[in-house]
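Colleague:
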Amino acid sequence: MLDLPLIWAGLLALGIFIYVALDGFDLGIGLLFPFLATDEERDTAMNTVAPVWDGNETWLILGGGGLFAAFPLAYAVVMPALYAPFIIMLLALVFRGVAFEYRWRDPAHKRIWDVSFVFGSALATFMQGIVLGTFVQGIEVEGRAYAGGWWDWLTPFTVTVGFALCAGYALLGAGWLVLKTDDALRQQAYRFAKHAAISTFLFVVVVSVWTPFLSPEIFTRWFSLPNLYWVAPVPLLTAATATLVAWGIRGQRDAVIYPATLVLLGLCFVGLGVGLTPYIVPRAITIQDAAAPDSSLLFMLVGALLMLPLILGYTAYSYWIFRGKVRPGDGGYH
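Residue 432 in our numbering is what sits at position 47 of the sequence shown, and the numbering runs on without skipping anything.
Right under this line is the structure:
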């Protein structure tokens with residue numbers, strides 16, 4: 386018999402990771418935007434994401450809507466704990482989207498819209514890191530309701546994760562620019578990638594060392610036997626992937642940095658999952674306890690199995706159509 390709650394937890398995790406993979410480089414370009422040398426380079430950087438940026442956020446909707454539908458109890462607990470960062474993140478994404486469009490349509494105020502684009506990208510990314518950090522450190526639950534305070538999401542650990550995600554997205558953005566541009570902009574992107582990679586690697590180490598000490602359960606999950614034998618490959622593979630990213634940057638191998646960074650972030654994602662399983666609200670509510678009735682999960686699964694291939698198909702087709710290098714003057718916006 387199908388374990389429907391586990392399947393839906395896997396689908397939500399997949400949706401969140403695809404969002405990170407696709408919208409991460411988009412937000413990362415926003416973080417790198419003020420360091421680009423000329424308006425022409427900024428226009429080219431934007432044109433590398435112009436055909437796909439709005440579709441990338443489909444996966445964010447899937448994550449939020451899926452949590453509400455498949456795990457209503459978890460949604461009812463998590464949302465009150467994270468109302469503030471979620472609202473700030475969503476407003477920043479809206480503000481950023483407006484700035485993206487208006488900078489082309491309102492050239493008289495282009496500089497203002499550029500600053501708005503950077504601000505929206507940075508704030509949205511940082512708040513996503515805050516949400517992730519809060520989720521990892523744990524949410525105070527009493528009975529079946531959130532029992533913490535308004536500011537529980539703001540701690541040294543969550544702020545560190547917020548900056549870590551900014552570094553990771555900046556590395557994704559640099560890898561994307563390396564993949565999609567030529568000449569001076571490509572060389573700048575390699576310089577950005579070098580600095581972003583160093584920051585990302587340091588943050589990965591700090592967060593990885595810090596996380597097991599957030600809870601005895603996480604510490605036991607990572608360091609007790611025989612668990613240690615099963616989870617040991619994760620940090621080893623993470624170190625190997627970080628080496629691959631560094632190799633790609635050092636040798637200026639365009640096709641290596643972006644996919645290797647995705648693998649690196651994916652391994653970090655797996656590492657967090659090791660510490661959280663089987664909970665959907667860390668150390669409070671399990672996946673099974675939070676799930677909707679099996680009849681509802683099965684009904685939604687049929688819809689998901691019909692729609693997900695379509696979404697993946699048109700997403701892949703969009704990226705295929707707009708493959709290749711983008712040069713000054715190319716793209717839908719200029």
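Ideal Cβ positions, reconstructed from N, Cα and C, are used throughout, including at glycine.
Determine the DSSP secondary structure at residue 392, reduced to helix, strand or coil.
Modeller: Taking the sequence shown and counting its residues from 1, the one referred to as residue 392 is at position 7. Here DSSP, grouped into helix, strand and coil, assigns residue 392 to helix.
Colleague: Which residue from 604, 586, 627, 687 puts its Cα closest to that of residue 661?
Modeller: Within the sequence shown, numbered from 1, the residue matching residue 661 stands at position 276. Taking only the C-alpha atoms, the option nearest residue 661 is 604.
Colleague: Comparing C-alpha positions only, which one of 577, 443, 456 sits nearest to residue 695?
Modeller: Here residue 695 is taken as the residue at index 310 of the sequence shown, counted from 1. Among 577, 443, 456, the Cα nearest to that of residue 695 is on 443.
Colleague: Which same chain residues, not among the five before or five after residue 532, have their C-beta less than 8 Å away from its C-beta?
Modeller: What you label residue 532 is simply residue 147 of the sequence shown in a count that begins at 1. Contacts found: 525, 526.
Colleague: If you follow the beta strand (DSSP E) that residue 687 is part of, which residue opens it and which one closes it?
Modeller: Your numbering for residue 687 matches position 302 in the sequence shown. Run containing residue 687: none in the beta strand (DSSP E); it sits in the alpha helix (DSSP H), 679–706.
Colleague: Whole angstroms is fine: what's the gap from residue 708's alpha carbon to residue 441's?
Modeller: As a position in the sequence shown, residue 708 is number 323, starting the count at 1. As a position in the sequence shown, residue 441 is number 56, starting the count at 1. Residue 708 and residue 441: Cα-Cα distance of roughly 16 Å.
Colleague: Under 7 Å Cβ to Cβ from residue 586, same chain only, skipping five residues before and after it: list those, please.
Modeller: Position 201 of the sequence shown, counted from the first residue, corresponds to residue 586. Counting only Cβ-Cβ distances below 7 Å, and skipping sequence neighbours, we find 627.
Colleague: Nearest-angstrom Cα distance between residue 417 and residue 556?
Modeller: Counted from its first residue, the sequence shown places residue 417 at position 32. Counted from its first residue, the sequence shown places residue 556 at position 171. Going by the C-alpha atoms only, they are around 9 Å apart.
Colleague: Residue 530 bridges to which residues according to DSSP?
Modeller: Mapped onto the sequence shown, residue 530 falls at position 145. According to DSSP, which records beta bridges pairwise, residue 530 is partnered with 527.
Colleague: At 4 residues or longer, and completely inside the segment 525–606: list those alpha helix (DSSP H) runs for me, N to C.
Modeller: 541–565, 568–595
Colleague: Compute every distance between the C-beta of residue 427 and the non-hydrogen atoms of the ligand ZN, then say whether any falls below 8 Å.
Modeller: With respect to small molecules bound, the structure shown includes none, and the ligand ZN cannot be examined in it.
Colleague: Going by alpha carbons, who is nearest to residue 618 out of 546, 656, 427?
Modeller: The residue you call residue 618 lines up with position 233 of the sequence shown. Of the candidates 546, 656, 427, the one whose C-alpha sits nearest the C-alpha of residue 618 is 656.
Colleague: Between the beta-carbon of residue 445 and the beta-carbon of residue 408, is there less than 9 Å?
Modeller: Mapped onto the sequence shown, residue 445 falls at position 60. Mapped onto the sequence shown, residue 408 falls at position 23. Cβ atoms of residue 445 and residue 408: closer than 9 Å.
Colleague: Residue 443 by DSSP, collapsed to three states: which one?
Modeller: Here residue 443 refers to the residue found at position 58 of the sequence shown. Helix.
Colleague: Am I right that residue 429 and residue 566 are in contact with their C-beta atoms under 8 Å? What's the rounded C-beta distance?
Modeller: Within the sequence shown, numbered from 1, the residue matching residue 429 stands at position 44. Within the sequence shown, numbered from 1, the residue matching residue 566 stands at position 181. Between residue 566 and residue 429 the Cβ distance is about 6 Å, and since that is below 8 Å, they are a contact.
Colleague: Label residue 502 either buried or exposed according to how many other C-beta atoms from any shown protein chain fall within 10 Å of its C-beta, with 16 as the threshold for buried.
Modeller: Your numbering for residue 502 matches position 117 in the sequence shown. When all chains shown are included, residue 502 counts as buried.
Colleague: Answer with buried or exposed for residue 541, where buried requires no fewer than 16 other C-beta atoms within 10 angstroms of its C-beta.
Modeller: What you label residue 541 is simply residue 156 of the sequence shown in a count that begins at 1. Of the residues assessed, residue 541 falls on the exposed side of the cut-off, its CB having fewer than 16 other CB atoms within 10 angstroms.
Colleague: Is it buried or exposed for residue 353, if we count other Cβ within 10 angstroms and need 16 for buried?
Modeller: No answer is possible for residue 353: it lies beyond the span of the chain, which begins at 386 and ends at 719.
Colleague: State the DSSP-derived secondary structure class of residue 437, mapped to helix, strand or coil.
Modeller: Taking the sequence shown and counting its residues from 1, the one referred to as residue 437 is at position 52. Three-state result, residue 437: coil.
Colleague: Looking at the strands, I want to know which residues DSSP matches up with residue 670.
Modeller: Here the question's residue 670 lines up with position 285 in the sequence shown. Per DSSP, 666.
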